[in-house]
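Working notes, structure below.
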Amino acid sequence: MSSLSATSATPESAEPWGADQSPSRLLAPDDYREILNQLFLARYFDVRLIKEKKRGHLRGTLYSSHNQEAVLVGALFGLEPKDWISPIHRDMPAFFLKDAKRGWRNPERIGMSIQEVCAQIWGKAASPGRARDNWSHIGSRKKRIVHSTSMLASTVPVAAGIAYSERLRGSNAIVLTFNGEGSTARGDFHEGLNFAAVHKLPMVSVIENNMWAYGTPLELGCPTPFVAERAKGYGIPGLVADGQDVFDVYDKVKWCIDYARAGNGPTVVECRTYRAYGHGDHDDDRASKYRSPEEVAEGRRRDPIAICKERLVELGVLTRDEADQFQPEGKSASEVRDEDFPPDVVAYVREGVQFAIRSPYPDAEEAAWWVFHEEGEPQP
Ligand SMILES: Cc1ncc(C[n+]2csc(CCOP(=O)(O)OP(=O)(O)O)c2C)c(N)n1
Ligand SMILES: [Mg+2]
803 MSSLSATSAT
813 PESAEPWGAD
823 QSPSRLLAPD
833 DYREILNQLF
843 LARYFDVRLI
853 KEKKRGHLRG
863 TLYSSHNQEA
873 VLVGALFGLE
883 PKDWISPIHR
893 DMPAFFLKDA
903 KRGWRNPERI
913 GMSIQEVCAQ
923 IWGKAASPGR
933 ARDNWSHIGS
943 RKKRIVHSTS
953 MLASTVPVAA
963 GIAYSERLRG
973 SNAIVLTFNG
983 EGSTARGDFH
993 EGLNFAAVHK
1003 LPMVSVIENN
1013 MWAYGTPLEL
1023 GCPTPFVAER
1033 AKGYGIPGLV
1043 ADGQDVFDVY
1053 DKVKWCIDYA
1063 RAGNGPTVVE
1073 CRTYRAYGHG
1083 DHDDDRASKY
1093 RSPEEVAEGR
1103 RRDPIAICKE
1113 RLVELGVLTR
1123 DEADQFQPEG
1133 KSASEVRDED
1143 FPPDVVAYVR
1153 EGVQFAIRSP
1163 YPDAEEAAWW
1173 VFHEEGEPQP
């Protein structure tokens, strides 16, 4: 496994904004608390699904984002409501964290609700994918979420096209794409980035480098120690962030968002993190054959929730007692309890889960809808 902590191997990975001018210095105390709450929310959502699956309440594969929450929260927090995102299978919380700082339950926010996301996972009629799938193969033009597909990185050229279209319409909205480090080896990733660089499109490519692509380690998918070095071939900035530190992710991605919005073109931000479990839950046992326990312990040593709390205490936003009130950090899904999370986090996810459980499945006759067009068939 390559080092998780190196942050200065590419010239652009040093702070591009100069001493003490980081974007996070402009955040208010409420923003800092909201960021911690969003980390709690992403973690709780993940462990709750694992528990539901173990109790036999869920079918289908789960792709855990445990230990990678700071990448999602830090990257999304700098966006405006009108901006687009393009999540992958590892990013299920991104669907409901988009624009969440305007209030998780705010019906006006431009992101999916927890009810929609849970209905998707439970395969119910009320889901955005109308029970065709149980996971991330959803999107919404209205909510500005690029439809995720199984063909990894094929969304990058689509995202570049959306960025182009936004510019043609005279808007300054940007598109933020997420990709695992593995999928940056695919042609689609490079074609999309090339097009975006040539046309200076407002696109930020966030790479969640969790060191593994299923059973393939970083060094068998990328010839350089840092994925961000791929940016050099396109003449665009490539930054490296500590993916365990939500504020380092926020600072670097926000810098890129501002850079894109100002018309300077695309950027790459590699966020170095570590995949806590197997590729999906079907791979949990096999993963222990291709990754040593020492490697996994090292990769999970720096819990993003603990790192965020330390920063909030240092800044005087939280007292030590407040920071210690809820302690899910460092605990696996089988160890952690609801009491380890703020009650509103638990309540919000429960609203989604209960909605999904109570919702009906679609009628069997729907299975043939939208395969071939038939006269009189409802349109999606
Ligand atoms: C083009 C393509 N090849 C292979 C797969 C099967 N597959 C799904 S996820 C995955 C690993 C992706 O690794 P990475 O991009 O690093 O994302 P991570 O799962 O680590 O978050 C693979 C090989 C796929 N979905 N699409
Ligand atoms: Mg990966």
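Taking the numbering used here, the leading residue of the sequence shown gets 803, the next gets one more, and so forth. Note that beta-carbon positions come from the ideal geometry of N, C-alpha and C, so glycine has one too. This one's a predicted model, so the numbers in the text were calculated from it and none came from an experiment.
Straight-line gap, residue i to residue j (C-alpha atoms, nearest Å)
{"i": "P909", "j": "Y1150", "result": "14 Å"}
{"i": "S950", "j": "I890", "result": "6 Å"}
{"i": "D1060", "j": "V1119", "result": "26 Å"}
{"i": "F997", "j": "S985", "result": "17 Å"}
{"i": "S807", "j": "L829", "result": "Per-residue confidence for S807 stands at a pLDDT of 38, beneath the threshold of 50, marking its modelled position as unreliable; the derived number appears in the next sentence. Straight-line Cα distance between these residues: approximately 25 Å."}
{"i": "P831", "j": "V1115", "result": "11 Å"}
{"i": "E1124", "j": "R946", "result": "36 Å"}
{"i": "H1175", "j": "E1167", "result": "14 Å"}
{"i": "G880", "j": "P1068", "result": "16 Å"}
{"i": "R934", "j": "E1100", "result": "38 Å"}
{"i": "A1135", "j": "Y846", "result": "9 Å"}
{"i": "I1109", "j": "K1091", "result": "29 Å"}
{"i": "N1012", "j": "R857", "result": "28 Å"}
{"i": "F859", "j": "G1045", "result": "The sequence as given places His at residue 859; Phe does not occur at that position. When rounded, the distance between both Cα atoms is 32 Å."}
{"i": "T809", "j": "L995", "result": "Confidence at T809 is low in this model, with a pLDDT of 42, below 50, so its placement is unreliable and the value that follows should be read with caution. Approximately 23 Å, taken between the alpha carbons."}
{"i": "V1173", "j": "D1165", "result": "16 Å"}
{"i": "E1141", "j": "G913", "result": "28 Å"}
{"i": "V1155", "j": "Q823", "result": "42 Å"}
{"i": "S1094", "j": "G1178", "result": "57 Å"}
{"i": "K853", "j": "F1028", "result": "35 Å"}
Selected residue, minimal CA-CA separation from residue i, among the options
{"i": "D1146", "options": "E836, L1020, S824 and S826", "result": "E836"}
{"i": "G931", "options": "E1177, E1176, Y1163 and F1174", "result": "Y1163"}
{"i": "A962", "options": "I923, V1006 and W924", "result": "V1006"}
{"i": "T979", "options": "Y966, H1175, V960 and S967", "result": "V960"}
{"i": "R911", "options": "S929, A1043, F991 and K944", "result": "K944"}
{"i": "Y865", "options": "A844, L878 and A987", "result": "A844"}
{"i": "D1105", "options": "Y834, P1180 and E871", "result": "E871"}
{"i": "T1075", "options": "S867, K853 and S826", "result": "S867"}
{"i": "K926", "options": "W1172, G1178, R1160 and D1047", "result": "R1160"}
{"i": "T1018", "options": "K855, S973, R1077 and S938", "result": "R1077"}
{"i": "T957", "options": "L970, G972 and G941", "result": "G941"}
{"i": "Y1036", "options": "E1021, E993, P1025 and P1004", "result": "E993"}
{"i": "A1062", "options": "E968, E854 and R904", "result": "E968"}
{"i": "K1038", "options": "P1004, S929 and T1026", "result": "Reading the sequence as shown, one finds Ile at residue 1038 and not Lys. Answer by Cα proximity: P1004."}
{"i": "W937", "options": "L838, D1053, N839 and D893", "result": "D893"}
{"i": "E1010", "options": "C1073, D1047, P1025 and A1064", "result": "C1073"}
{"i": "R1152", "options": "D1047, E1021, R904 and E918", "result": "E918"}
8 Å Cβ cutoff met for residue i and residue j
{"i": "A975", "j": "K884", "result": "yes"}
{"i": "G982", "j": "A1015", "result": "yes"}
{"i": "W886", "j": "V977", "result": "yes"}
{"i": "F1128", "j": "F842", "result": "yes"}
{"i": "A1033", "j": "V1042", "result": "no"}
{"i": "G1080", "j": "R1088", "result": "yes"}
{"i": "S849", "j": "S888", "result": "Here residue 849 is Val; the residue named in the question, Ser, does not match the sequence. No, the pair does not count as a contact, with Cβ atoms beyond the cut-off."}
{"i": "A921", "j": "A1169", "result": "no"}
{"i": "L851", "j": "I923", "result": "yes"}
{"i": "A877", "j": "V1051", "result": "yes"}
{"i": "K1111", "j": "N1066", "result": "no"}
{"i": "V1055", "j": "V1098", "result": "no"}
{"i": "L874", "j": "A896", "result": "yes"}
{"i": "F991", "j": "A965", "result": "no"}
{"i": "P1144", "j": "V1138", "result": "no"}
{"i": "G1023", "j": "A987", "result": "yes"}
{"i": "W1171", "j": "P818", "result": "no"}
{"i": "R1102", "j": "N839", "result": "no"}
Simplified DSSP state of residue i, which is helix, strand or coil
{"i": "W1171", "result": "coil"}
{"i": "N839", "result": "helix"}
{"i": "G984", "result": "helix"}
{"i": "R904", "result": "helix"}
{"i": "G1132", "result": "coil"}
{"i": "M894", "result": "helix"}
{"i": "V1071", "result": "strand"}
{"i": "V1006", "result": "strand"}
{"i": "N996", "result": "helix"}
{"i": "W1057", "result": "helix"}
{"i": "V1138", "result": "coil"}
Check: residue i C-beta below 7 Å from any heavy atom of ligand 4
{"i": "L954", "result": "Of the ligands one can find in the structure shown, namely ligand 1 and ligand 2, none is ligand 4."}
- Query: Quick one, what's near ligand 2 if you take every residue whose CB is closer than 7 Å to any heavy atom, in chain order?
  - Reply: Taking each Cβ in turn, the ones that pass are G982, E983, G984, E1010, N1011, N1012, M1013, W1014, A1015 and R1077.
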